[in-house]
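**Q** My questions will all concern the structure given below.
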Amino acid sequence: MRRVTRSLLVGIAVVLVLLLALGAVPSLFKSGDPYYVNATPTEGDGEGNATTAVDASQLSDRTHPYTTTALTNASANRTGYSEPYWKGPFGLKGVFTHSPFDEVSSLRQRNPNATAGDRVRLSDNGTVYFVAVTQE
16 MRRVTRSLLV
26 GIAVVLVLLL
36 ALGAVPSLFK
46 SGDPYYVNAT
56 PTEGDGEGNA
66 TTAVDASQLS
76 DRTHPYTTTA
86 LTNASANRTG
96 YSEPYWKGPF
106 GLKGVFTHSP
116 FDEVSSLRQR
126 NPNATAGDRV
136 RLSDNGTVYF
146 VAVTQE
């Protein structure tokens with residue numbers, strides 16, 4: 016094998032290993048307090064308009080894992096929380112991973128009528144929830 020070919024193959028292998036590391040390593044970065052998606056029942060406060068709420072049955076747990084986990088853990092009289100999400104140092108993690116901020120932002124963009132400030136209304140089994148990202 017020629018030296019140039021060997022160098023090219025080694026270079027390609029190094030690039031592949033680095034790309035794999037960038038995909039795996041961000042999940043190991045944990046800095047600061049964790050963020051959660053929370054689903055809080057509206058409790059009939061007038062803002063919980065079910066007609067403008069997003070139907071939660073349309074959300075996939077593959078595209079909205081934080082939101083669906085929060086809804087699964089919620090009930091009509093109890094707030095549900097998702098798994099924790101930590102931002103990485105220097106903002107690098109958010110570039111390479113899916114975050115709760117992505118989920119809530121996509122819900123806001125696709126359903127502007129369901130937005131109430133930084134929260135989004137979701138309807139699940141007849142109960143209307145406000146879904147938002149919180150840091151606790």
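Here the sequence shown stands for residues 16 to 151, numbered as in my numbering. Each residue gets a CB set at the ideal place from its N, CA and C atoms; glycine is no exception.
Within 10 Å of its beta-carbon, does E98 have 16 or more other beta-carbons around it, so buried, or fewer, so exposed?
**A** When all chains shown are included, E98 counts as exposed.
**Q** Quick one, which of R93, Y96, H113 has its alpha-carbon nearest K102's?
**A** If we check each option's Cα against that of K102, H113 comes out closest.
**Q** Counting pairs of beta carbons, one from the segment 71 to 87 and one from the segment 112 to 130, are three or more of them closer than 8 Å?
**A** Flag = yes, the segment 71 to 87 and the segment 112 to 130 touch.
**Q** First and last residue of the beta strand (DSSP E) that includes S138?
**A** It spans 134 to 139 - the beta strand (DSSP E) in which S138 sits, taken as one unbroken run.
**Q** Considering Q124, what are the terminal residues of the alpha helix (DSSP H) in which it resides?
**A** Looking at the DSSP string, the run of the alpha helix (DSSP H) that includes Q124 is 115 to 125.
**Q** I need the boundaries of the beta strand (DSSP E) containing A147, first residue and last residue.
**A** Unbroken beta strand (DSSP E) run through A147: 142 to 150.
**Q** How would you call G95, buried or exposed, if buried means at least 16 neighbouring beta carbons within 10 angstroms?
**A** Buried, since its Cβ has 16 or more Cβ neighbours within 10 Å.
**Q** Hey, V146 and A85 are a contact pair by Cβ (cut 8 Å); roughly how many whole angstroms apart?
**A** V146 to A85, Cβ: 7 Å. Contact.
**Q** Could you give the distance in angstroms between the alpha-carbon of G132 and the alpha-carbon of T66?
**A** One C-alpha to the other measures close to 17 Å.
**Q** Rounded to the nearest angstrom, how far is the Cβ of A91 from that of T142, given a contact under 8 Å?
**A** Between T142 and A91 the Cβ distance is about 5 Å, and since that is below 8 Å, they are a contact.
**Q** Are the Cβ atoms of E151 and V52 separated by less than 8 Å?
**A** The answer is no: Cβ separation not under 8 Å.
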